[in-house]
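In the numbering used here, the protein residues as written are 46 to 204.
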């Protein structure tokens, strides 16, 4: 019994952390997208701000989905279910969207004192392997949870 209480407390702490991360990501996304209305921004800067803002909003949705996953585990003990598998697939899809959005970043040149500074401050289309890896990881987790659900149903039908 004390272990269950401790686990529920840890899951509550994780949920609160992810809620904060979701709200911060959404706030960053909205404030970044509001930069599109800056009078001095050129077309490349506006598209950069829009893509980065949308990417941050997607990150906020990802954290919110993970909060929902943890909530269902904490309150209903629902680990292997169709609903949980779909959420994991959706998180993988959102990470794939973030990966693809990096490919559409505009090229922005920044004048600086050296070539290194210009390349750090500028923007260009990127291939974010980390986002791609997370997408693959969550698709794999979704498949594992779906397989676990099927095995659990078979086990319940045998008994």
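In this text, a Cβ means the ideal position worked out from N, Cα and C, and glycines have one as well.
The stretch 114-130 makes no contact with the stretch 88-97; the number of CB pairs closer than 8 Å stays below 3.
Between the beta-carbon of residue 74 and that of residue 102 there is about 4 Å, and that keeps the pair under the 8 Å contact cut. In the assembly as shown, residue 174 is an exposed residue. Its beta-carbon has fewer than 16 other beta-carbons within 10 Å. Classified as buried, residue 133 has 16 or more neighbouring CB atoms from the shown chains inside 10 Å of its CB. Burial is judged here by how many other beta carbons sit within 10 angstroms of a residue's own beta carbon; residue 49 has fewer than 16 and is exposed. Distances from the CA of residue 143 to each of 181, 63, 130, 79 were compared; the closest alpha carbon is that of 181. For the 8 Å CB-CB criterion, residue 100 and residue 146 form a contact. Of the residues 176, 47, 97, 62, the one whose Cα lies closest to the Cα of residue 149 is 97.
By the Cβ neighbour-count rule, residue 178 is exposed, with fewer than 16 other Cβ atoms within 10 Å of its own.
For the 8 Å CB-CB criterion, residue 104 and residue 76 do not form a contact. If you draw a straight line from the Cα of residue 126 to the Cα of residue 187, it comes to about 10 Å. For residue 123, the secondary structure class from DSSP, reduced to helix, strand or coil, is coil.
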